[in-house]
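Visitor: Residue numbers 0 to 255, in numbering that gives the first Met the number 0, belong to the letters of the sequence shown in order.
C-beta atoms are modelled at their ideal positions from N, C-alpha and C, and glycine is treated no differently.
Here the structure is a predicted model, which means the values were calculated and not measured.
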Amino acid sequence: MADNGCGFPAPGLHSFLFQPIFTVGGFEFNKVMLLALITTLVVVTFFTMAFGKAKVVPGKLQMIGEAGYDFVRRGIVYETLGKREGEKYVPLMVSIFFFVWIMNIWSVIPLAQFPVSSVIAYPIVLALIVYVLWVSLTFKRHGFVGGWKNITGYDNSLGPIKWLVSFIELFSNLLVRPFTHAVRLFANMFAGHLMLVMFTVASWYLLNSFLIPAAGVSFVMTMAMIAFELFVQAVQAYVFVLLACTYIQGALAEHH
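(1) Could you say if the segment 128 to 142 and the segment 153 to 160 meet the contact criterion of at least three C-beta pairs nearer than 8 Å?
(2) Assuming E168 is part of the alpha helix (DSSP H), what are its boundary residues?
(3) Based on the DSSP secondary-structure assignment, which residues constitute the bridge partners of V23?
(4) Which residues mark the beginning and the end of the alpha helix (DSSP H) in which K148 is found?
(5) Helix, strand or coil: how does DSSP classify V43 here?
(6) Is the segment 162 to 176 touching the segment 185 to 202, taking contact as three or more C-beta pairs under 8 Å?
(7) Suppose contacts are defined by Cβ-Cβ distances below 8 Å. Is S14 in contact with V182 by that definition?
(8) Please report the distance separating the alpha-carbon of I123 from that of F98.
(9) Quick check on G64: does DSSP put it in helix, strand or coil?
(10) Nearest-angstrom Cα distance between L251 and H141?
(11) According to DSSP, is E253 helix, strand or coil?
(12) Could you check whether the segment 241 to 250 touches the segment 85 to 102, counting it as contact only if at least three pairs of C-beta atoms, one from each stretch, sit closer than 8 Å?
(13) Once you ignore the five residues that flank L241 on each side, which residues in its own chain have a CB closer than 6 Å to its CB?
(14) At the level of alpha carbons, what is the spacing between H255 and V118?
(15) Compute the Euclidean distance between the alpha carbons of A66 and I160, then round it to the nearest angstrom.
(16) Just to confirm, is the Cβ distance from V115 to V31 under 8 Å?
(17) Look at the alpha carbon of W162 and the alpha carbon of S94, and state the distance between them as a whole number of angstroms.
(18) Examine the Cβ distances between the segment 103 to 110 and the segment 230 to 237 and report whether three or more of them are shorter than 8 Å.
(19) If you drop the 5 nearest sequence neighbours on each side, which residues of the same chain put their C-beta closer than 7 Å to that of L60?
(20) So is M62 buried or exposed if we call it buried at 16+ other beta carbons inside 10 Å?
(21) Assuming E228 and G191 are in contact, meaning their beta carbons sit under 8 Å apart, how far apart are those beta carbons, in whole angstroms?
(22) Do you know offhand how far Y77's Cα is from D69's?
(23) Measuring alpha carbon to alpha carbon, tell me which of L34, V129, F21, F218 ends up nearest A111.
Quick look at the structure:
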């Protein structure tokens with residue numbers, strides 16, 4: 000924590016930096032990487048245990064797994080892509096949803112207390128997976144010429160401005176889209192974690208001063224922020240997958 004001169008250890012960018020747990024050669028393995036690895040293990044283990052020996056009459060774990068799977072399948076994928084087109088993408092979208100959600104939720108877990116998604120490398124990798132899928136599906140469905148028409152929104156009926164529209168669409172789809180897809184998740188988790196750290200540290204700082212009543216107010220705000228963050232964490236996982244499905248839907252849509 001940084002000291003701003005009045006003794007208050009203000010949070011900042013240093014709150015997102017961690018010393019390596021161990022180093023092998025030039026590779027440093029830190030807390031964020033550990034949490035990302037645990038996230039992967041949690042998601043894989045949970046669904047393996049839930050569906051590894053699926054029964055006609057499901058147990059509690061299978062019921063929870065089915066509820067989560069069905070939420071993403073029906074509530075996001077089917078609603079965006081339809082059942083016929085969307086079914087093949089359900090496993091990927093379920094994996095991304097729960098991976099993002101668990102990465103986010105670490106911020107309110109004791110000892111972990113850090114959202115992996117607030118390190119932009121992780122949202123970027125997930126956004127690139129969706130981006131590569133979107134581009135490949137676009138050209139696979141429409142061919143080379145049709146694919147570019149789909150990406151650029153080329154339309155002869157627009158007359159003289161068709162080239163301007165095509166340039167804007169090309170720039171927006173190929174460059175802006177993957178950037179905003181990643182940054183939307185990153186920025187929300189970054190800001191949320193910063194707010195949580197600020198109120199938590201403020202509570203402790205005020206408790207150890209003569210402003211004990213103010214510490215109580217700060218503590219209440221911390222609890223409110225945690226509750227709000229739990230909501231935001233789920234919403235960001237939902238939005239990330241919803242946008243991914245929307246991009247795929249655009250790749251599969253017929254160009255007019």
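Guide: In short, the structure shows the following:
(1) no
(2) Within the sequence shown, numbered from 1, the residue matching residue 168 stands at position 169. 161 to 170 is the span of the alpha helix (DSSP H), which, as asked, contains E168.
(3) Within the sequence shown, residue 23 is the residue found at index 24, counting from 1. V23 is bridged to F26.
(4) Within the sequence shown, residue 148 is the residue found at index 149, counting from 1. First-last of the alpha helix (DSSP H) with K148: 120 to 151.
(5) For the purposes of this step, residue 43 is taken as the residue at position 44 of the sequence shown. DSSP places V43 within a helical segment (H, G or I) once states are collapsed to three.
(6) no
(7) Within the sequence shown, numbered from 1, the residue matching residue 14 stands at position 15. Within the sequence shown, numbered from 1, the residue matching residue 182 stands at position 183. No, Cβ-Cβ distance for S14 and V182 is not below 8 Å.
(8) Along the sequence shown, one-based indexing puts residue 123 at 124. Along the sequence shown, one-based indexing puts residue 98 at 99. Going from the Cα of I123 to the Cα of F98 covers about 14 Å.
(9) Stepping through the sequence shown from its first residue, residue 64 is reached at position 65. Correct three-state label for G64: helix.
(10) The residue labelled residue 251 in the question sits at position 252 within the sequence shown. The residue labelled residue 141 in the question sits at position 142 within the sequence shown. Looking at the two C-alpha atoms, the distance is approximately 8 Å.
(11) For this step, residue 253 is matched to residue 254 along the sequence shown. Three-state result, E253: coil.
(12) Result yes; three or more Cβ-Cβ pairs closer than 8 Å.
(13) Within the sequence shown, residue 241 is the residue found at index 242, counting from 1. Excluding sequence neighbours, L241 sits near I75.
(14) Position 256 of the sequence shown, counted from the start, is the residue given in the question as residue 255. Position 119 of the sequence shown, counted from the start, is the residue given in the question as residue 118. Below a pLDDT of 50, predicted positions are generally treated as unreliable, and H255, at 49, falls in that range; the measurement from the model is reported next regardless. Using only the alpha carbons, I get a separation of about 40 Å.
(15) As a first step, residue 66 must be located in the sequence shown, where it is residue number 67. As a first step, residue 160 must be located in the sequence shown, where it is residue number 161. If I take the Cα positions, the gap works out to 48 Å.
(16) The residue you call residue 115 lines up with position 116 of the sequence shown. The residue you call residue 31 lines up with position 32 of the sequence shown. Taking 8 Å as the Cβ cut-off, V115 and V31 qualify as a contacting pair.
(17) On the sequence shown, residue 162 is found 163 positions in, with the first residue counted as 1. On the sequence shown, residue 94 is found 95 positions in, with the first residue counted as 1. So the two alpha carbons sit approximately 39 Å from each other.
(18) yes
(19) Reading the sequence shown from its first residue, position 61 is the one you call residue 60. Result list for L60: M48, A49, in chain order.
(20) Here the question's residue 62 lines up with position 63 in the sequence shown. That one is exposed.
(21) Here residue 228 refers to the residue found at position 229 of the sequence shown. Here residue 191 refers to the residue found at position 192 of the sequence shown. E228 to G191, Cβ: 5 Å. Contact.
(22) Mapped onto the sequence shown, residue 77 falls at position 78. Mapped onto the sequence shown, residue 69 falls at position 70. Whole-angstrom Cα-Cα distance: 10 Å.
(23) To locate residue 111, count along the sequence shown from 1; it is residue 112. Per the Cα distances, L34.
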